[in-house]
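Written out below as structure tokens is the structure these notes cover.
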Amino acid sequence: MTPSPPPDNPTQAAGAAYAVELVGIDKRFGPVHANKAVTLRFAPGSIHGLVGENGAGKSTLMSILYGFYQADSGEIRVRGEPVRIDGPEDAIRRGIGMVHQHFMLVETFTVLENLLLGAEGGALLKDGVAKARAEVEALERSFGLEVPLDSRVSDLSVGEQQRVEILKALYRGADVLILDEPTAVLSPPEVEQLFQILRRLRAEGRTVVLITHKLKEIMAVTDRVSVLRRGEVVAEFDTAATSEQALADAMVGRKAALAVTKGPANPGPVLLEAAGLSVVDARGVERLKKVGLRVRAGEIVGIAGVAGNGQSELLEALAGMVPVAAGDIRVKEAVFNAASPLDPGKARALGIAHVPEDRLRLALVKPFAALESAILGYHRDPALAKGPLLAWKRVAAKTAALMERFDVRPRDPALRSSLFSGGNQQKLVMAREMDREPDILLVGQPTRGVDIGAIAFIHEQLVALRDRGKAILLVSAELDEIMALSDRILVMCDGVITGDMPAAEADERTIGCLMAGIAQEAA
Amino acid sequence: MAGVAAGTGEEIPGWATALLMPALNVLLALAVSALVILAIGENPVEALRVMLVGALGSGGGIGYTLYYATSLIFTGLAVAIAFHGGLFNIGAEGQAYLGGLGVALVCLSLGGWPWYLALPVTIAAAALFGAAWAAIPGYLQAYRGSHVVITTIMFNFIASALMVYLLVNVLIAPGQMSPETREFDPSLFLPTMQEMLAAIGLEIAGSPLNLSFLLALAACALVWLLVWHTRWGFALRTVGANEDAARYGGIDPKRMIVVTMLLSGALAGLLGINEIQGVQHRLILNFPAGMGFTGIAVALMGRAHPAGIIPAAILFGVLIQGGSELAFEYPTISPDLVVVIQGVVILFAGALEHMFRPAIARMFRPARGRRVEVA
Chain A
1 MTPSPPPDNP TQAAGAAYAV ELVGIDKRFG PVHANKAVTL RFAPGSIHGL VGENGAGKST
61 LMSILYGFYQ ADSGEIRVRG EPVRIDGPED AIRRGIGMVH QHFMLVETFT VLENLLLGAE
121 GGALLKDGVA KARAEVEALE RSFGLEVPLD SRVSDLSVGE QQRVEILKAL YRGADVLILD
181 EPTAVLSPPE VEQLFQILRR LRAEGRTVVL ITHKLKEIMA VTDRVSVLRR GEVVAEFDTA
241 ATSEQALADA MVGRKAALAV TKGPANPGPV LLEAAGLSVV DARGVERLKK VGLRVRAGEI
301 VGIAGVAGNG QSELLEALAG MVPVAAGDIR VKEAVFNAAS PLDPGKARAL GIAHVPEDRL
361 RLALVKPFAA LESAILGYHR DPALAKGPLL AWKRVAAKTA ALMERFDVRP RDPALRSSLF
421 SGGNQQKLVM AREMDREPDI LLVGQPTRGV DIGAIAFIHE QLVALRDRGK AILLVSAELD
481 EIMALSDRIL VMCDGVITGD MPAAEADERT IGCLMAGIAQ EAA
Chain B
524 MAGVAAGTGE EIPGWATALL MPALNVLLAL AVSALVILAI GENPVEALRV MLVGALGSGG
584 GIGYTLYYAT SLIFTGLAVA IAFHGGLFNI GAEGQAYLGG LGVALVCLSL GGWPWYLALP
644 VTIAAAALFG AAWAAIPGYL QAYRGSHVVI TTIMFNFIAS ALMVYLLVNV LIAPGQMSPE
704 TREFDPSLFL PTMQEMLAAI GLEIAGSPLN LSFLLALAAC ALVWLLVWHT RWGFALRTVG
764 ANEDAARYGG IDPKRMIVVT MLLSGALAGL LGINEIQGVQ HRLILNFPAG MGFTGIAVAL
824 MGRAHPAGII PAAILFGVLI QGGSELAFEY PTISPDLVVV IQGVVILFAG ALEHMFRPAI
884 ARMFRPARGR RVEVA
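Protein chains in written order, with the numbering used here: chain A, 1 to 523; chain B, 524 to 898.
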């Protein structure tokens, strides 16, 4: 169980025993030392996990392997042969493929057209298309990657889109497939399907590198796992010989708290109530169907459900972000409906804070300095103004204090928001929304893409806010998170609330059935 | 590490972005222009000398250069403020044209007011008329989804037709053929820079440069304060960078779009103060003379920041003034060639702005072994 030291002898002859070797890779971005002489070796026909906190250097390392960045020093070897990778084209030529966390697909193209991109094969598409179709169909069969080739990508589910990405990499001859946080957007059954695909790839002798935060997944599917911390490989394990706890400890460099500790809830009056709430999306589809719920002061209400079953719409409707087609929202004493709609400004004035599911789309402005993002939604606060002008010095001081309290790194209020890692962006948003001691906190996917140390911190903060008598509505795709944090659990399926139970009486199986819309005879 | 994701490009220092890149772009534009001048058999070095001397070599030349720059600062600011709100206002030309109409109507009706009393009214009229002309495209963009680029271009044509109609049929001074109004009362004329400096004992050569130049500088300071130091400016930049985040932040993007277009149009309209009350002293046809369009290049080159817009406006002022001197000195060089030179500068400074970026980024990258195999 003790971490074995990482292989650190770059001169050691490895030969073709490894599909890919990264030897002594070093990379700096200005003052940030992202990778410190990292050495990693991926065996052919294996699934190799790469874990580490946000900012540990995983993505930088893989970007170097894929040619987006060049290492300051170090060597990349493919099948024992030193190579130079100056861009993704080089990587693809060497048989290295990458599936990004954010898909790189043309939504208006069909699957086949997306696969052809960059490999059109001549001036006329016709020949290339026919050839590609045959090859892709063969690939689909051998790896169990069924995707409808003639559907538009925009019509596919997230899981299917990911399969298109994998197919794209394989179609270009990828022997080594890097997947960056592939499960962040998938529902549990989709995750299982993905793992089946990865296992088949391994069986065919291909190499899979899996970057993830989720230790459960590392345990479930990998053969070997490397742990990065602060740019260094701090441990390597055979998966069979390690445990989640050992990995978590290696990641954070100390004993990591995986469980949430919280006392019993002490619910007060109802602060937020929805009755008969319906939301219709831009395409005229009813996403939320006559939903009713109540959130009391001093309790956390969790909403479980497979992504895309109306939870997002519910959260956004309660925050005033999407218009309501029917039904009422009651915030304390104020009632809102289609005729007198709630908007985000009014919601904030009533003491609602909102940590949205998609922080990059809504909660931060990427080109803004952190201190500017830190006042989004609160820029009219008189405490931050000096007459008609914004008091930037005070804003900077405020941001520095928020960063200190929520351990946002680096602690630089002037740094551009987009340059923070996902976890630190999330902590900044959390800090901004929780700092005002809101009476009601709406929070979506609080720990998506956030590392283990930060997850525990965010969970503690949420529980502490509850204990201060605030009402919290939590939407999360992580059933574990819902179970750990909630005092009451609602389950949503197809825009309807299919279950409502105290957390103490909830078990994973019942909730799983309700999420899938299966009637509750089992319970 | 998702923040430092691939494709964001390498960072380069701010001063290089602000100074080095525009300088390189201008040099390259001059080099290409030199080839054109060589091709028609003239000496490019000599031509450049004539241009620079014409624009900067004499008090009068500098006056003309700054007079052009004044108009360009107004239109440049107009385009820039719309940029910050995520809008591309191509209609500064038409908005400036209408702004001039507002100035003229006020001046024609105020008779013998002294200029300093009339100025607040003419400024208000210029801003109001310019804003009104931008209001319709702004409304259509915000509430009807008609793209502001298309509608502002169309409004330039409408402005042009409207002014021809007004000057030929309505506002034309009686008893003459040329489509222009009567001259304003001389008491309304804005003081020229020559007059102003003479009052404090400084002698400079005569030129159209007038009080509006100071007004333009004040507008720069106000825009800077507004965009970077007020809540409204924060809201503006949020809408421009991410409309969804703006909505999340309790900002109404539709309202912001309309208000931004109003402000943009108002700034463009102020060109009328410089041209009509400052120089022409009557309303004439086509007085904006393309300054609205050149203002787009000024805003691009000045990175939509007043501190960049002022030098960019002066640069284009040099090109306009030096260019007319050039055409005057060299019978072989037609005024059209000057337009070509300006076009090349716009091409390199605006459209090809990022051409040198990767090379400069490489220059600033740490020198030590950036290649992987240099182990």
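The C-beta atom is built at its ideal place from N, Cα and C for all residues, glycine as well.
Looking at the structure shown, is A/LYS27 part of a helix, part of a strand, or coil, going by DSSP?
-> strand
Use the C-beta contact count for A/SER476: other C-beta atoms within 10 angstroms, 16 or more gives buried, fewer gives exposed.
-> buried
Short Cβ contact (7 Å threshold) for B/ALA658 with B/LEU794 | no
Would you say B/ALA764 faces chain A, with C-beta separation under 7 Å as the test?
-> yes
If you compare alpha carbons, which of B/TYR590, B/TYR591, B/GLY622, B/TRP656 is closest to B/ILE681?
-> B/TRP656
Give the DSSP-derived three-state secondary structure of B/THR540 in the structure shown.
-> helix
Answer yes or no: do B/ALA578 and B/VAL841 have a C-beta to C-beta separation smaller than 7 Å?
-> yes
Candidates B/VAL573, B/ALA557, B/LEU575, B/VAL576, of which the one nearest B/PRO567 by Cα = B/ALA557
Which residues in chain A sit within 9 Å of B/TYR771, going by Cβ to Cβ distance?
-> ALA319, MET321, PRO344, HIS354, PRO356, ARG361, LEU362, ALA363, LEU376, GLY377
Step through the CB atoms of chain A and report whether any lies within less than 7 Å of the CB of B/HIS752.
-> yes
Go to A/ASP480, then tell me how far its beta strand (DSSP E) extends in each direction, as first and last residue.
-> Careful: A/ASP480 lies outside any beta strand (DSSP E), inside the alpha helix (DSSP H) at 479 to 485.
Which ranges would you report for the alpha helix (DSSP H) in the stretch 608 to 688 of chain B if only whole runs of at least 4 residues count?
-> 615 to 633, 638 to 662, 671 to 688
Completely contained beta strand (DSSP E) runs for the stretch 193 to 251 of chain A, where each covers 3 or more residues | 207 to 211, 224 to 229, 232 to 238
Return the residues of the stretch 717 to 751 of chain B that lie within a Cβ-Cβ distance of less than 8 Å from chain A, sorted by chain order.
-> LEU748
Find out if the Cβ-Cβ distance for the pair B/ILE824, B/PRO643 is shorter than 7 Å.
-> Reading off the sequence shown, one finds Met at residue 824 of chain B, where the question assumed Ile. No. Outside cutoff.
Should A/GLY278 be labelled buried (16 or more other beta-carbon atoms within 10 Å of its own) or exposed?
-> According to the sequence provided, residue 278 of chain A is Ser. The question's Gly does not apply to it. Its Cβ being crowded by 16 or more others within 10 Å, A/SER278 is buried.
Using CA coordinates, which residue listed in A/VAL234, A/LEU293, A/ALA56 is at the minimum distance from A/ALA275?
-> A/LEU293
For A/MET104, which three-state DSSP category applies?
-> coil
B/PHE757 at chain A interface by Cβ criterion, 7 Å | yes
Since I believe B/GLY634 is in contact with B/GLY763 (beta carbons under 8 Å), could you give me their beta-carbon distance rounded to a whole number of angstroms?
-> Actually they do not touch by this definition, with Cβ atoms about 44 Å apart.
Can you tell which of A/ARG28, A/LEU490, A/ALA246, A/LEU115 has the C-alpha that lies nearest to the C-alpha of A/LEU149?
-> A/LEU115
So what's A/GLU286 in DSSP terms, helix, strand or just coil?
-> strand
Going along chain A, which residues have a C-beta under 8 Å from B/ALA768?
-> ARG361, LEU362, ALA363, LEU364, VAL365, LEU376
How would you write the range of the alpha helix (DSSP H) that A/SER278 sits in, first residue to last?
-> Looking at the DSSP string, A/SER278 is not in any alpha helix (DSSP H); the run it does join, the beta strand (DSSP E), is 270 to 280.
Tell me, please, whether the CB atom of B/THR761 is closer than 7 Å to any CB atom in chain A?
-> yes
Whole-Å CB distance - B/THR675 paired with B/GLY614, under 8 Å assumed | 3 Å
Who are the near neighbours of A/GLY512 in its chain, counting only those whose CB is closer than 7 Å to its CB and skipping five residues on each side?
-> none
Give the straight-line distance between the Cα atoms of B/GLU718 and B/ASN733, rounded to the nearest whole angstrom.
-> 9 Å
Which two residues bound the contiguous alpha helix (DSSP H) that contains A/ARG394?
-> 392 to 405
Following the continuous beta strand (DSSP E) through A/SER543, name the residue where it begins and the one where it ends.
-> Nothing about residue 543 of chain A can be read from this structure; chain A reaches only from 1 to 523.
Under 8 Å between beta-carbons, which chain B residues line up against A/PHE368? List them in chain order, please.
-> ARG760, THR761, ALA764
Do the CB positions of A/ALA248 and A/VAL234 come within less than 7 Å of each other?
-> no
Are there 16 or more other CB atoms within 10 angstroms of the CB of A/LEU318, so buried, or fewer, so exposed?
-> buried
Of the choices A/ALA431, A/GLY284, A/PRO344, whose alpha-carbon is the least far from that of A/GLU460?
-> A/ALA431
Can you list the residues of chain B that A/LEU390 reaches, using a CB-CB cut of under 7 Å?
-> HIS752, THR753, ARG754, PHE757
Flag A/ARG380 as yes if its beta-carbon sits less than 7 Å from any beta-carbon of chain B, otherwise no.
-> yes
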